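For what it's worth, the working numbering labels the leading residue of the sequence shown as 1, then goes sequentially.
C-beta: ideal position from N, C-alpha, C; glycine also.
It should be emphasised that the depicted structure is a prediction, and the values quoted were computed from it without experimental measurement.
Note sheet for the following structure.
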Amino acid sequence: MKLEILPVPGIGDVTEGDDLAALIATAAPWLRDGDVLVVTSKIVSKAEGRLVDVPADGPERLAARDEVLEAETARVVASRGATRIVQTHHGFVMASAGIDASNVDKTRLVLLPEDPDASARTLRAALRDRYDLDVAVIISDTMGRPWRNGLTDVALGVAGMPAIRDHRGEIDPYGNELQLTEIAVVDELAGAGELIKGKCDQVPVAVVRGYPGVARADDGDGARALVRDAELDLFSLGTAEATAAGLRAAATLADGPGSAPADPAAVDRAVAAVADVVAPGTVFTHVTNAEVRAGLVATVPGWPAQASGLVLGAPPTPVDQPDLVRFGADLQRLRTALAAEGIPSALLPPPDGSTAGGALAL
Numbered sequence: 001m002k003l004e005i006l007p008v009p010g011i012g013d014v015t016e017g018d019d020l021a022a023l024i025a026t027a028a029p030w031l032r033d034g035d036v037l038v039v040t041s042k043i044v045s046k047a048e049g050r051l052v053d054v055p056a057d058g059p060e061r062l063a064a065r066d067e068v069l070e071a072e073t074a075r076v077v078a079s080r081g082a083t084r085i086v087q088t089h090h091g092f093v094m095a096s097a098g099i100d101a102s103n104v105d106k107t108r109l110v111l112l113p114e115d116p117d118a119s120a121r122t123l124r125a126a127l128r129d130r131y132d133l134d135v136a137v138i139i140s141d142t143m144g145r146p147w148r149n150g151l152t153d154v155a156l157g158v159a160g161m162p163a164i165r166d167h168r169g170e171i172d173p174y175g176n177e178l179q180l181t182e183i184a185v186v187d188e189l190a191g192a193g194e195l196i197k198g199k200c201d202q203v204p205v206a207v208v209r210g211y212p213g214v215a216r217a218d219d220g221d222g223a224r225a226l227v228r229d230a231e232l233d234l235f236s237l238g239t240a241e242a243t244a245a246g247l248r249a250a251a252t253l254a255d256g257p258g259s260a261p262a263d264p265a266a267v268d269r270a271v272a273a274v275a276d277v278v279a280p281g282t283v284f285t286h287v288t289n290a291e292v293r294a295g296l297v298a299t300v301p302g303w304p305a306q307a308s309g310l311v312l313g314a315p316p317t318p319v320d321q322p323d324l325v326r327f328g329a330d331l332q333r334l335r336t337a338l339a340a341e342g343i344p345s346a347l348l349p350p351p352d353g354s355t356a357g358g359a360l361a362l
C-alpha cells in the first residue's frame, strides 16, 4: 500500500450556511474517486451554525462556558480543577465536551456537530450528486488519550468506508488465528490528515489517497462503531470519581447480612485492607457457618447464628473502655472495607453484659 496525504488550501473562513461541498470541490478540483476527505469538525460546526455567543472575557465568560458545557455533557468522567473530562451526548469521552474557542471570534464558542455521522453522509452525498465524486468522508477532531501525553485527531463521523478494520479470524504468518485485533482505521487516517492540516495553518481539509476499499455504494455504519459499550468500559470514571462512587454505593448497602453467602476471597481482601490500621490485639477471622455456630455456643452464648458467614473480632484483654472504643472503630473500618467489596454486613448485638468480642453478619 502506498498512501499520499494532500492538503486542501484556499478554503478560507467558513461561516454559517456555507456550502462545504462547493468550497472543497472548488479548492481541490484534483479530487478523484477513492480519495478519503479528512474534514476538521470545526468547519462543519461553523457551516451548520453550531456556535454560541459568550462574553469576550471575565467571570461572565467562564460562567457562560460552564453553562454550555453542562448542556453538552451526558455525564462527567473526571474533574481536576478547571479541567473536566466528560462524555458527550454522542458518546465521545473528551475534555470540555469538545467545545472550542480557537480559530473563532472571541465572543463565540464552537460546539461539536450535532450528528457527525450525518454530517459526513450529507457532505459525501453532495460531492457524489453534484460533482460525480465517489469519496469517503471523515469528520475529525482533536482528543487526548488516557495514559499518554499529547493530542491526536480522531474520527467523530465517517461515511463511505468502515470505521474499523476487523482482523479477527484471520491467520498470521505463524499460523495463529487472530482473536481480538480490530483496527480503528478512520482514527488512524484522521491522525494522518492532521499531520498536514496543522492548528494555525488554516488548512481544515486533507485528502488521503491510496487507501483501499473506499469506493462503496453505502455509507457504512459511521463512527458510532468506535464508541465502546458502557458494559465493556473498564475505565468509565476517573480515579477520584470511582472512589467517590464506591463510597456512595457503600453508604447505601443494606444494614444487614446478604441473601447469599459472601465470597471468602472478597472477605479476605477486606480483612487484609484493614490489617495495618486496627488496634494491636484485634484479630478478624473469616469462619464457616459450622464454625460460627460452635464458636458462638462456646464463647458468646446468646448471639444469633443466622448469618451465612461471620467475621469474629476479639478485643484486647483485659478489656477497658478505651479498648472497646478502639475495637468498635476497628469493626466499622472492616465494614467499610467489606462494603468496598460489595458485601453488606451488620453488627450482631452481644448479649447483655458481654464484652467477649464482636461479630459481623455478612
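From R75 to A97, what does the alpha carbon distance come to, in whole angstroms?
As a working mapping, residue 75 is identified with position 75 in the sequence shown. As a working mapping, residue 97 is identified with position 97 in the sequence shown. The alpha-carbon atoms of R75 and A97 are separated by roughly 10 angstroms.
Evaluate R32 with the Cβ neighbour count: other Cβ atoms within 10 Å of its Cβ, from every protein chain shown; 16 or more gives buried, anything less gives exposed.
By one-based count along the sequence shown, residue 32 stands at place 32. R32 is exposed by the Cβ-count criterion.
Please list the terminal residues of the continuous alpha helix (DSSP H) segment that includes V274.
Taking the first residue of the sequence shown as position 1, residue 274 is located at position 274. Taken as a continuous stretch (DSSP letters only), the alpha helix (DSSP H) holding V274 covers P264 to V274.
Taking the C-alpha atoms as reference points, what is the distance between A22 and R121?
Taking the first residue of the sequence shown as 1, we reach residue 22 at position 22. Taking the first residue of the sequence shown as 1, we reach residue 121 at position 121. If you take the alpha carbons of A22 and R121, they lie about 15 angstroms apart.
So, helix, strand or coil for A294, using DSSP?
Translated into the one-based positions of the sequence shown, residue 294 becomes position 294. Note that A294 scores a pLDDT of 46, beneath 50, so its modelled location is shaky; the value from the coordinates is reported in the next line. Three-state result, A294: helix.
How many angstroms separate the CA atom of I85 from the CA atom of I43?
Taking the sequence shown and counting its residues from 1, the one referred to as residue 85 is at position 85. Taking the sequence shown and counting its residues from 1, the one referred to as residue 43 is at position 43. Spanning the two alpha carbons is a distance of roughly 23 angstroms.
G210 versus R168 - alpha carbon distance
The residue given as residue 210 occupies position 210 in the sequence shown. The residue given as residue 168 occupies position 168 in the sequence shown. About 24 angstroms.
Could you give the first and the last residue of the continuous alpha helix (DSSP H) run that contains G191?
Position 191 of the sequence shown, counting from 1, holds the residue named residue 191. Here the alpha helix (DSSP H) through G191 covers V185 to K197.
Please report how far the alpha carbon of D105 lies from the alpha carbon of V14, in whole angstroms.
Here the question's residue 105 lines up with position 105 in the sequence shown. Here the question's residue 14 lines up with position 14 in the sequence shown. Distance between the alpha carbons of D105 and V14: 12 angstroms.
Could you give the first and the last residue of the continuous alpha helix (DSSP H) run that contains G150?
As a working mapping, residue 150 is identified with position 150 in the sequence shown. No alpha helix (DSSP H) contains G150, which is instead part of the beta strand (DSSP E) from R148 to A159.
Between D373 and the rest of its own chain, which residues show a CB-CB distance below 6 angstroms, the 5 nearest in sequence each way excluded?
The first residue shown for the chain is 1 and the last is 362, placing residue 373 beyond what the model contains.
Would you report the Cα separation of V39 and E194, rounded to the nearest angstrom?
As a working mapping, residue 39 is identified with position 39 in the sequence shown. As a working mapping, residue 194 is identified with position 194 in the sequence shown. Taking the straight line from one Cα to the other gives about 10 angstroms.
Whole-angstrom distance between A206 and A159, CA atom to CA atom
Translated into the one-based positions of the sequence shown, residue 159 becomes position 159. Translated into the one-based positions of the sequence shown, residue 206 becomes position 206. Distance between the alpha carbons of A159 and A206 is about 16 angstroms.
So S236 is in the alpha helix (DSSP H); what residue range does that whole segment cover?
By 1-based counting over the sequence shown, the position of residue 236 is 236. Premise fails: S236 is in no alpha helix (DSSP H) and is neither H nor E.
Own chain partners of D18 with C-beta closer than 6 angstroms, once the 5 adjacent residues on each side are dropped:
Here residue 18 is taken as the residue at index 18 of the sequence shown, counted from 1. Contacts found: A47.
Following the continuous beta strand (DSSP E) through L20, name the residue where it begins and the one where it ends.
Residue numbering aside, residue 20 sits at position 20 when the sequence shown is read from its first letter. From DSSP, L20 is part of no beta strand (DSSP E) but of the alpha helix (DSSP H) over L20 to A27.
Using the Cβ count rule (16 or more neighbours within 10 Å means buried), how would you classify Q332?
For the purposes of this step, residue 332 is identified with residue 332 of the sequence shown, where counting begins at 1. So Q332 ends up on the exposed side.
Just to confirm, are G34 and D134 a CB contact at a threshold of 9 angstroms?
Counting from one through the sequence shown, the residue named residue 34 turns up at place 34. Counting from one through the sequence shown, the residue named residue 134 turns up at place 134. Result yes, Cβ atoms of G34 and D134 sit closer than 9 angstroms.
Identify every residue that forms a DSSP beta bridge with Q202.
Within the sequence shown, the letter at position 202 stands for residue 202. DSSP, once it has assigned bridges, lists no residue as partnering Q202.
Does D13 come out as helix, strand or coil in the three-state DSSP assignment?
Locating residue 13 in the sequence shown gives position 13, counting from the first residue. Of the three classes helix, strand and coil, the one that applies to D13 here is coil, per DSSP.
What separation, rounded to the nearest whole angstrom, lies between the Cα atoms of L123 and T239?
Here residue 123 refers to the residue found at position 123 of the sequence shown. Here residue 239 refers to the residue found at position 239 of the sequence shown. Using only the alpha carbons, I get a separation of about 40 angstroms.
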